[in-house]
Each structure stands twice: as structure tokens, then as C-alpha cells.
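Counting in my numbering, the sequence shown runs from 2 upward without gaps.
In what follows, a single structure is set out as C-alpha cells and then discussed.
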Amino acid sequence: MTPASAPTDPTPDSKALRALPVAEIMRRAHHRHLLVPAFNIPYLPMVEPILAAVAELRSFALVQVARPDIERFQCGSYQAVAREFRSLADLAHARLHQDHVPVIDEEGRRIEWRPLVQEALDLGYHSVMIDGSRLPLAQNIAVTREVVKIAHPAAAVEAELGAVLGHEPGPLPPYEELFRSGRGFTDPEEAARLVTETAVDWLSVAIGNIHGAIIGAARDQRKVEARLHLEHLRYIQERVRVPLVLHGGTGIQLAFVLGAARHGIAKINIGTAPRQAYETTLRQTSDIRAAQQAAAKVIAGHLRDYHIVGSALLLASPV
Ligand code: 13P
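Take a look at the structure:
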């Protein structure tokens, strides 16, 4: 594993990409049906192998931090990850994203979300996510608008509509039952309304995807191999023009992921697979270097599977 170092590549294409706002990079990815993976950082030493794998394969990805990465795992803080990112990242290959700031969290608690979003903006995060998905639509729209107002133009904003389950305590209903019922799927008309009324940059949707568990013994178990309702995604895509986001990326059957990229999904969040590789190797070897290598291997596998080796070059030219 080559350590990531900034910047790795002096070509004019890389220079152009380094100067672009992340919203424009995502707009290009969306237009070209290229996936931009967003990798969570549950442990601070994971920043380096993720950046190294992405740069080595000349791809483009987001490094992201969610509250559970800080509170349930050990990445430290938004600030610790920002510092590590700044010292290692080449902006031609990666940007920093604040994942899921919920207004109501997975345990039903109201969260003081404003200071969390402000902290990330002050730290120079390139994009932030406000998750009002547990609110009624009008309130989700109101909080999303507020975040867009404070974040633009310096940072891009992601919102969520629909229920991407999996982070809640307690067992999930059987997956097939969830999928067949379409319970919690994003409503296309509501999605159109939210995007139009907020000017949000990206929208996270629920189409059969579920998050990997983060609570209790389930967080060590292999995740269900989810499917995606691509027909439903097409209805959303017909009404919404911004890049769409797929949370719960670990374990989704590859053919569905690649199909989703053809129908509006431009960002895919991946947390569980690299985390479990890192934790398992660390448990077995007590060697952080070996754990980093295990995580890097999983990251590289995703970049290959998603056909985005070399994607940075494609993203450097305008659409
Ligand atoms: P997985 O842990 O299922 O890959 O999902 C990650 C995610 O969606 C973070 O927002």
C-alpha cells in the first residue's frame, strides 16, 4: 500500500479536478452514470488506506464521518478526521463529507443538529448531510432549506427522504418482507417537492437499501444481500434532476448497484464492509498496518466492482 500524499499527480486533468467544487464533480458523475463511493471512517487509521487505494486506482471518492463513527466507534471527532484528511488527501481524488446529521436519531431522540452542521462547515468539510427523514415532509423541507442557506456556496448539501432502516436498536423485519411491501420507499412526488423547494444538491433515497447494523452483536454479522427496486428508482429519477444517493451500500447485489447508477444514483455510502475487514484483522493480528491493508483491499475491490478505476480522469472534463 503506497501512503497517500498530497498531491500525487501533476497532470493538467488533476489540476482541473482539484479546483472544482464537489457539487460540480457530483453533477458530472451523475451525468456520466459514474458512481462516487463515500467511505465511512469508524477508526482514524482508516483514512490513510482509503485515500491511498482511491489515488492508486486514479478514482474519486468521498471520505465521510457520521455521528455513530464518533459515538459508537472510534474515529475521535469531526476535527480529528478533518486533520487527517487534510494532511493526506489529494483533492483530485477525494473530498470530505459529513454523513447523517439526524434531526431525530435512530433511537427517536431529538438532536441539536445546528451546532453539528456548523462545526463541519467551520472545519472546511466540502459537503454536509442533514437527515430530516424521520420528520413530516414540510418539516424535512424546512430544516433542509435552513442547512442549504448556511452551507451554500462553500459546501454542498445532501438531504434524505424515505426510511433507510438498519441503524435502529432491535431486530429488523425480515428483509424480503420489507422489500416486497415497499414500506418506507421514497415517494417520487414528495422527492420532487423537497428538491425544488430546498435547492438541495443531492438526495438520499430508500428503494430497498438498508444500513448495516451499528448496535450490539449484529454489527459484527454479515449483512443481508439487499436488492433495489430499480423501477421505483426510475420513477424518482423522472421527477428529480439532482444526483441521488444510496445509503447502506455494503452487500447490495452488484447488478442492482450498477443498474442504479444508470438511473440516477451517483453517490453510494459504504461503511460496514471496510469496517468489518479492519476490525477482524486487528482482532486477529493486533497490527494496525495489517488492518489498514485489509481495509484498502476492500476499498479497491469496490472501486473495481463499480467500474470506476480511472474515473478521476473522466470527471476532470466538463459535461
Ligand atoms: P453500510 O454500513 O451498510 O455500508 O452503509 C453505510 C451508510 O449508508 C452510511 O451512511
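In this text, a Cβ means the ideal position worked out from N, Cα and C, and glycines have one as well.
Note that the structure is predicted; figures quoted are calculated from it, not measured.
Is any heavy atom of the ligand 13P found at a distance shorter than 7 Å from the C-beta of residue i?
i, result
"Lys268", "no"
"Asp306", "no"
"Ala274", "yes"
"Ala67", "yes"
"Asp221", "no"
"Asp100", "yes"
"Arg199", "Checking the displayed sequence, the identity of residue 199 turns out to be Thr instead of Arg. For the ligand 13P, not one heavy atom lies less than 7 Å from the Cβ of Thr199."
"Lys224", "yes"
"Thr251", "yes"
"Ile271", "yes"
"Asn141", "no"
"His303", "no"
"Val213", "Reading off the sequence shown, one finds Gly at residue 213, where the question assumed Val. Correct: Gly213 has its Cβ closer than 7 Å to the ligand 13P."
"His248", "yes"
Pick from the options: whose alpha carbon is nearest that of residue i?
i, options, result
"Ala95", "Met130, Pro319 and Ser312", "Ser312"
"Lys150", "Ala200, Leu138 and Pro46", "Ala200"
"Val225", "Glu178, His233, Leu234 and Ala317", "Glu178"
"Asp188", "Val165, Gln75 and Pro175", "Val165"
"Pro116", "Gly109, Arg68, Leu204 and Asp288", "Arg68"
"Ala227", "Leu234, Gln99, Pro43 and His212", "His212"
"Pro244", "Arg84, Ala17, Lys16 and Ala24", "Ala24"
"Pro22", "His303, Ala156 and Gln222", "Ala156"
"Lys268", "Arg19, Ala30, Ala17 and Leu18", "Ala30"
"Arg110", "Arg194, Ser128 and Pro170", "Pro170"
"His153", "Val66, Gln285 and Asp123", "Asp123"
"Glu1", "Gly183, Gly272 and Ala214", "Any property of residue 1 remains undetermined from this structure, which presents the chain solely from 2 to 320."
"Asp100", "Ile112, Gly125 and Asp70", "Asp70"
"Gln222", "Val320, Ser128 and Ala274", "Ala274"
"Ile42", "Ile26, Tyr79 and Lys16", "Tyr79"
"Ser128", "Arg284, Met27, Arg19 and Ser287", "Met27"
"Asn66", "Arg146, Val320, Gly185 and Arg84", "Per the sequence shown, the amino acid found at residue 66 is Val instead of Asn. The shortest Cα separation from Val66 among Arg146, Val320, Gly185 and Arg84 belongs to Arg84."
"Met47", "Arg87, Val310, Val320 and Val82", "Val82"
Mark residue i as exposed unless 16 or more other C-beta atoms lie within 10 angstroms of its C-beta, in which case mark it buried.
i, result
"Glu161", "buried"
"Arg73", "exposed"
"Ala218", "exposed"
"Leu89", "buried"
"Glu159", "buried"
"Pro4", "In this predicted model, Pro4 has a pLDDT of only 47, less than 50, meaning its place in the structure is not dependable; the value taken from the coordinates is given anyway. Answer is exposed; the Cβ neighbour count stays below 16."
"Ala293", "Note that residue 293 is Gln in the sequence shown here, rather than Ala. Counting Cβ neighbours within 10 Å, Gln293 comes out buried, since at least 16 surround it."
"Ala256", "exposed"
"Arg181", "exposed"
"Ala53", "buried"
"Leu304", "buried"
"Asp306", "exposed"
"Gly125", "exposed"
"Thr145", "buried"
"Glu190", "exposed"
"Ser287", "exposed"
"Ser318", "exposed"
Count the C-beta pairs between the segment 278-287 and the segment 295-314 that are closer than 8 Å, then say yes if the count reaches three, no if not. Output reads yes: the segment 295-314 touches the segment 278-287.
Is it the case that the segment 26-39 contacts the segment 234-252, given that we only count it when at least three CB pairs across the two stretches are under 8 Å? The segment 234-252 makes contact with the segment 26-39; the number of CB pairs closer than 8 Å reaches 3 or more.
Evaluate the contact criterion for the segment 11-18 versus the segment 252-264: three or more CB pairs, one atom per stretch, below 8 Å. Verdict: no, contact absent.
Assess, as a yes-or-no matter, whether the segment 127-138 is touched by the segment 101-111 under the definition of 3 or more beta carbon pairs within less than 8 Å. Yes, they touch.
Let me know the alpha helix (DSSP H) ranges lying completely inside the segment 175-218, each 4 residues or longer, listed in chain order. Taking 4 residues as the shortest admissible run, the segment 175-218 contains the following complete alpha helix (DSSP H) segments, listed from N- to C-terminal end: 176-182 and 189-199.
Contact between the segment 229-238 and the segment 53-69: three or more CB pairs below 8 Å? Taking 8 Å as the limit for Cβ pairs, the verdict is that the segment 53-69 does not touch the segment 229-238.
Return the chain-ordered ranges of every alpha helix (DSSP H) run that is complete within the segment 216-263 and spans a minimum of 4 residues. The segment 216-263 contains these whole alpha helix (DSSP H) runs: 231-240 and 255-263.
Minimum length 4: unbroken alpha helix (DSSP H) runs contained in the segment 44-111: Entirely contained in the segment 44-111, the alpha helix (DSSP H) runs reaching 4 residues are, in chain order, 48-57, 68-72 and 79-89.
Please specify which runs of the alpha helix (DSSP H), each continuous and at least 4 residues long, are wholly inside the segment 13-39, giving them in chain order. Unbroken alpha helix (DSSP H) runs of no fewer than 4 residues, entirely contained in the segment 13-39, are found at 13-20 and 23-32, following chain order.
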